[in-house]
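Below you'll find the structure, written out as structure tokens, and then a few comments.
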Amino acid sequence: MRVPRNLEVWKMGTVSYLDALKLQEKLVSDRKANKISDTLLSLQHLPTYTLGKRRTDHNLLIPESALKYIGAELHYTQRGGDITFHGPRQAILYPIISLRDIGLGARNYVEKLELTMIRLASLYGVKANAGQKGETGVWVREKKIGAIGVRISSGITSHGLAFNIDPNLEYFKHIVPCGIADKEVTSLRREVDLVLPDDEVIHEQLISCFVRLFGFSNVISKENPPILLDDAKRE
Amino acid sequence: MALRMWASSTSNALRISVSSKAHLSPAFSLSRCFSSVLDGLKYASSHEWVKHEGSVATIGITDHAQDHLGEVVFVELPEKGGSISKGGSFGAVESVKATSDINSPISGEVVEVNSKLSESPGMINSSPYEEGWMIKVKPTNPSELESLMGPKEYTKFCEEEDASH
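So the sequence lines, in the order shown, correspond to chains B and Y.
Residue 15 is where the first sequence starts when you use the numbering used here, and the numbers rise one by one after that.
Residue 16 is where the second sequence starts when you use the numbering used here, and the numbers rise one by one after that.
As structure tokens, this is what we get:
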């Protein structure tokens with residue numbers, strides 16, 4: 015008899031990076047204390063560059079002071095991975111799940127995140143694959159279509175994956191994406207001939223791929239949930 | 016039949032290994048339970064090991080842990096002199112674009128840190144019980160060691176963890 019596995023999906027629209035970070039911290043803490051079930055955040059960000067724990071800021075090719083002129087922010091985080099860009103038309107999933115409950119280690123978890131994006135791409139006839147050793151992420155031939163950066167704290171995940179539907183790829187020119195020089199980025203839009211459906215539809219499909227791959231049997235959806243819970247004194 | 020006998024005796028050797036050479040590379044992958052577990056160490060359910068020798072305890076992560084992490088490319092360790100508490104995080108490793116917190120099995124004062132890991136983080140993969148040691152602490156509460164698992168218990172724990180999913 016299979017124990018039903020619950021997932022609460024939050025569909026959040028466009029969210030500021032910092033707000034999403036604070037929300038994840040709270041959710042991770044709640045998940046650790048078993049106050050909530052596994053949770054999945056589905057969202058997009060405004061133009062934002064982010065760095066991982068290794069703080070590889072040498073991979074940012076323009077001075078930080080110039081970022082405001084291109085309408086972008088920069089944030090340092092505790093996630094794994096190198097520098098990356100998030101922006102409108104890029105689908106992001108932040109799973110806050112307990113790896114111990116499903117018996118996954120970091121490697122298997124990340125492989126499943128890669129597969130989630132590979133499966134989504136295949137819905138559009140795009141043949142994507144996981145990177146070679148040391149190049150975590152999802153590629154279409156030699157171009158990167160999906161990125162991963164994860165944090166695992168006492169077995170609870172945060173941060174996650176970012177899949178390029180049709181973001182402004184010019185922003186990637188200001189970084190060495192994921193620290194890998196000589197590799198380009200691409201998007202679903204660039205890889206298909208047909209007209210893509212609304213982003214909302216693609217987000218749904220991405221969530222579906224995730225749910226199936228991770229074996230969640232019971233999914234509860236939350237549309238436009240409040241960003242910060244129990245925060246009555248918000249400015 | 017011969018394969019089964021060989022596998023059985025090999026698995027016994029792996030489980031009750033008293034060898035001082037910690038590195039046992041899995042040349043085959045018949046079962047995920049073939050991660051090495053050493054005698055003389057204590058183990059936490061979060062897959063760290065402790066070696067208690069006199070007034071100092073050495074801490075690292077197990078073979079099972081490094082295998083599930085993938086290739087470690089970055090290690091963050093605490094400062095000497097800092098204090099850590101049982102169950103609390105004392106550092107992190109990065110592998111496959113994931114940073115994973117490392118939790119301490121015991122409370123104590125950090126007296127030594129393996130600085131070689133900043134240049135050679137892969138030692139955690141290739142030698143998790145020897146060259147890949149992470150910190151040495153002076154335990155503040157030695158009785159905490161008693162609540163940790165012994166090698167047989169930990170081996171069973173890993174088997175159950177891997178089998179149930």
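We put the CB at the ideal spot given by N, CA and C, even for glycine.
Check	Outcome
Got a sec? Which residues, its chain only, sit under 8 Å from Glu63/Y by beta carbon, not counting five neighbours each side?	Ile74, Gly75, Ile76, Thr77, Ala80, Ile117, Asn118, Ser119 and Pro120
When you compare each of Asn178/B, Asp115/B and Lys147/B to Ile132/B by their alpha carbons, which one comes out closest?	Asn178/B
What residue from Thr130/B, Lys147/B, Val225/B and Thr70/B has the CA that sits closest to Lys141/B's CA?	Thr130/B
Is the beta carbon of Pro61/B less than 9 Å from the beta carbon of His89/B?	no
Verify the CB distance criterion: does Arg165/B have a CB-CB separation below 9 Å to chain Y?	yes
With Gly106/Y and Pro154/Y assumed to form a contact (beta carbons below 8 Å), what rounded beta-carbon distance in angstroms separates them?	Not quite, the Cβ-Cβ distance comes to about 17 Å (not below 8 Å), so this is no contact.
For Gln58/B, which of helix, strand or coil comes out of DSSP?	strand
I'd like to know whether the C-beta atoms of Asp164/B and Leu127/B end up nearer to each other than 9 Å.	For the record, residue 164/B in the displayed sequence is Val; it is not Asp. Yes. Within cutoff.
Taking C-alpha atoms, which residue in Glu237/B, His72/B, Ala34/B and Ala161/B lies nearest to His188/B?	His72/B
On the CB-based measure, 16 or more other CB atoms within 10 Å of its CB, does Ala59/Y come out buried or exposed?	buried
Please classify Leu45/Y as buried or exposed, where buried requires at least 16 neighbouring CB atoms within 10 angstroms.	Unreliable placement is indicated for Leu45/Y, whose pLDDT of 37 sits below 50; no coordinate value is reported for it.
Would you say the segment 213 to 224 of chain B touches the segment 43 to 60 of chain B, given that touching needs at least three Cβ pairs under 8 Å?	yes
May I have the straight-line CA-CA distance separating Asn20/B from Thr171/B, to the nearest angstrom?	16 Å
I need the straight-line Cα distance from Gly139/B to Ser104/Y, nearest angstrom please.	44 Å
Our contact map puts Thr28/B next to Pro102/B with C-beta atoms below 8 Å; I'd like the distance itself, whole angstroms only.	7 Å
What does DSSP give as the partner residues of Leu41/B in its beta bridges?	According to DSSP, Leu41/B bridges with nothing at all.
State the DSSP-derived secondary structure class of Met138/Y, mapped to helix, strand or coil.	helix
Hey, how far is the Cα of Phe110/Y from the Cα of Tyr123/B?	It should be pointed out that residue 110/Y corresponds to Ser in this sequence rather than to Phe. Approximately 12 Å between the Cα atoms of the pair.
Applying the criterion that 16 or more other CB atoms from any shown protein chain within 10 Å of the CB defines a buried residue, is Gln104/B buried or exposed?	buried
Evaluate contact between the segment 186 to 203 of chain B and the segment 139 to 154 of chain Y, counting only Cβ atoms and requiring at least three cross-stretch pairs below 8 Å.	no
My parser needs the alpha helix (DSSP H) runs of 4 or more residues fully inside the segment 143 to 175 of chain B; what are they?	none
By Cβ distance, which residues of its chain are closer than 8 Å to Ala42/Y, with the 5 residues on each side in sequence left out?	In this predicted model, Ala42/Y has a pLDDT of only 37, less than 50, meaning its place in the structure is not dependable enough to derive any value.
Does DSSP put Gly193/B in a helix, a strand or coil?	helix
By alpha-carbon positions, which one of Leu113/B, Gly145/B and Glu205/B ends up nearest to Gly229/B?	Leu113/B
Could you work out which residues of chain Y lie near Lys141/B, taking near to mean beta carbons separated by less than 7 Å?	Per Cβ cutoff of 7 Å: no residues; Lys141/B is ~22 Å from chain Y at best.
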